[in-house]
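In what follows, a single structure is set out as structure tokens and then discussed.
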Amino acid sequence: MWQEVKDKCLPIARRRLRACLGSIGHHADYRGLIQLGAFRYDKDGQIAGVVTQADVEDNLQRLARRNKKKI
Numbered sequence: 009m010w011q012e013v014k015d016k017c018l019p020i021a022r023r024r025l026r027a028c029l030g031s032i033g034h035h036a037d038y039r040g041l042i043q044l045g046a047f048r049y050d051k052d053g054q055i056a057g058v059v060t061q062a063d064v065e066d067n068l069q070r071l072a073r074r075n076k077k078k079i
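The following block contains the structure:
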């Protein structure tokens, strides 16, 4: 993705791009949608993989830790 930013001369720093992507990927609403067997898509809308059992378990652990912190 960073290569595309450079190629198009987009005015965004690498740190800002990483922060934006991280805020989406770590958001509880996004994590709540992760389901076993669902397709993962790349930035062009092409299938890039499948959600595995390990992904689901990791996601559930992260959500549990997040909920613990809020209590």
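For what it's worth, the numbering used here labels the leading residue of the sequence shown as 9, then goes sequentially. Glycine included, every Cβ here is placed at the ideal spot set by N, Cα and C.
Using a C-beta cut-off of 8 Å, the segment 27-46 makes contact with the segment 59-72, since at least three inter-stretch Cβ pairs fall below that distance. Looking at the backbone, the Cα of TYR49 and that of VAL58 are separated by about 9 Å. For the options ASP52, LYS77, ASN75, LEU44, the alpha carbon positioned closest to that of GLU65 is the one of LEU44. If you look at VAL59, you'll find it isn't in any beta strand (DSSP E); DSSP assigns it neither H nor E. Between LEU25 and VAL13, the C-beta spacing is below 8 Å. Looking at the DSSP output, ARG48 sits in a beta bridge with GLY57.
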